[in-house]
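*Asks:* Encoded as structure tokens, here's the structure I'll be asking about.
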Amino acid sequence: MSKPGGHLASEEVLNKKLDLCISNAIVKTGIGFSAGVVLSVLLLKRRSWPVWLGTGFGLGASYTDCERSFNPVSVPGVRVIPSSAATAAPDSQMGKIQQRVGELFGQAKEETEQKVPAATHNIRDVAQSRFAELSNKGRDVVEQQVNHLQDAASDFTSKLQDKTQELTGAAKEAEHNVQDKVRRI
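This is the structure in structure tokens:
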């Protein structure tokens, strides 16, 4: 049962972690097994080793998650600080190093948070101005192409009209010649 004040009993914490590990093991092993079966059937002529390999990968991933759940100190960059020792100085040389590294990471994070928004703003302004410049160049190129096409279309239209008039004149002349020959006959 829960203790008063919202704290969980150690048995409940252990049970939750164990349940999570078992469910992770079932799910990840099943996914690895399924991936191995699919790979085996589709690509590798129904060999058995991809199934075993996928199952092993699933078990390995679930074991790693369980290890992280039960022993969070094994994860790089994680350390557990007891509440009573939060103000006390580290006892060992390793503790001092960990504390100093934590301080440096905190300072680096603060400096990054201060510098990145300004740099992001500058990059955004440069990108917007470059986009506007490229948009204007693109619009100019499109307008030039449209003007060129309009000029070519008007030239083609005028040539077509000239040719039509020429052919109409030739047709009338031919008609006159035919009528003259008909009259002579």
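Residue numbers for the sequence shown follow our numbering, beginning at 51 and rising by one. We put the beta carbon where it would ideally sit given N, CA and C, even for glycine.
#1: For a test of the three-state rule: what should DSSP assign to Ala177, helix, strand or coil?
#2: Keeping to the same chain, check which residues put their C-beta closer than 6 angstroms to that of Phe107; ignore five residues upstream and five downstream.
#3: So, for Arg129: in the same chain, excluding its five sequence neighbours on each side, which residues have a beta-carbon less than 7 angstroms away from its beta-carbon?
#4: With a 10 Å radius around its C-beta and 16 neighbouring C-beta atoms as the bar for buried, classify Gly104 as buried or exposed.
#5: If you measure between the beta carbons of Val101 and Gly80, is that distance less than 8 angstroms?
#6: In the structure shown, what three-state DSSP assignment does His57 receive?
#7: For Phe120, which residues in the same chain have their Cβ closer than 7 angstroms to its Cβ, ignoring the five residues on either side in sequence?
#8: Sorted by chain position, which residues of the same chain lie with C-beta nearer than 7 angstroms to Ala221's C-beta, five sequence neighbours on each side aside?
#9: From the DSSP output, in three-state form, read off Ile147 for me.
#10: Where does Ser90 land, buried or exposed, given buried means 16+ other C-beta within 10 angstroms?
#11: Buried or exposed: where does Lys209 fall if 16 or more other Cβ atoms within 10 Å of its Cβ makes it buried?
#12: Below 6 angstroms CB to CB, which residues in the same chain sit around Ala75 once its five sequence neighbours on both sides are set aside?
#13: Assign Gly127 to one of three DSSP states: helix, strand, or coil.
#14: How is Leu154 classed by DSSP in three states: helix, strand or coil?
*Replies:* Considering the structure as presented:
#1: helix
#2: Gly82
#3: Excluding positions up to five away in sequence, the list reads Val123, Gln148.
#4: buried
#5: no
#6: coil
#7: Its chain contains Lys67 as the residues whose beta carbon lies nearer than 7 angstroms to that of Phe120, once the 5 sequence neighbours on both sides are disregarded; these appear in chain order.
#8: Counting only Cβ-Cβ distances below 7 angstroms, and skipping sequence neighbours, we find nothing.
#9: helix
#10: buried
#11: Lys209 comes out exposed.
#12: Only Ser112 meet the Cβ criterion.
#13: Coil at Gly127, not helix or strand.
#14: helix
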